[in-house]
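Numbering (my numbering), first residue to last: 2 to 172.
Notes for the one structure printed next.
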Ligand SMILES: Cc1cc2nc3c(=O)[nH]c(=O)nc-3n(C[C@H](O)[C@H](O)[C@H](O)COP(=O)(O)O)c2cc1C
């Protein structure tokens, strides 16, 4: 069983979340490919997919949307998990609707969609982004909740364990 983690990240913080999840799953003996969503033309050969994206102006990044739209039919046949990262601050309330974020997937049924708290480093932002961040008054810092991320990876490993066991029996 091979799991694909497809990630779209503009400033790297969602990619680091994807890397942490990949490491946790590999530690449970799962085979994981971590790839950029924008570089994936086919998901043939994968048995489960996780798609992650940073949130910008209430949407996934274009690469995540494109991946979801173009791979919808294949994704509908696989177990799919989603994660989005965006809300900032020490106790932020996510204001983006998970269903709206995942709209590019159409009616693909997903096992779970987590919205994780993100990271914002003003130094890394372009002029336009810095302006938006200032106008909206978004807090700067790394608010990622690694305990929540590792706990979620653990849940997914447990969910995939029976599938791994049955593929071992068949091989
Ligand atoms: C211009 C801009 C717009 C953003 N819009 C949203 C938003 O609509 N919702 C949200 O939860 N976070 C928003 N964020 C916060 C980012 O999603 C957050 O910084 C995230 O961790 C970035 O992920 P990345 O480093 O993988 O690109 C925004 C950040 C910037 C700079």
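Beta carbons are placed, not taken as given, at the ideal position from N, Cα and C, and that holds for glycine.
No experiment lies behind these values; they were computed from the predicted model shown.
query: Any non-hydrogen atom of ligand 1 within 6 angstroms of residue 12 CB; result: yes
query: Segments assigned alpha helix (DSSP H), at least 4 residues, entirely inside the stretch 2-71; result: 14-28
query: Within 7 angstroms, strictly: CB atoms of residue 38 and residue 8; result: yes
query: Reference residue 71; option with closest CA among 40, 84, 135, 95; result: 40
query: Rounded Cβ spacing between residue 149 and residue 25 (contact assumed at less than 8 angstroms); result: With 8 angstroms as the limit, residue 149 and residue 25 do not qualify as a contact, their Cβ atoms being about 12 angstroms apart.
query: Identified DSSP bridge partners for residue 83; result: 52, 114
query: Where residue 115 falls, given that 16 or more other Cβ within 10 Å makes a residue buried; result: buried
query: Residue 160 beta carbon less than 7 angstroms from that of residue 109; result: no
query: Among 65, 101, 137, the one whose alpha carbon lies nearest that of residue 89; result: 137
query: Residues that residue 173 bridges to, as DSSP identifies them; result: Only positions 2 to 172 of the chain appear in this structure, which leaves residue 173 out of reach.
query: Residue 91 beta carbon near ligand 1 (any heavy atom closer than 6 angstroms); result: no
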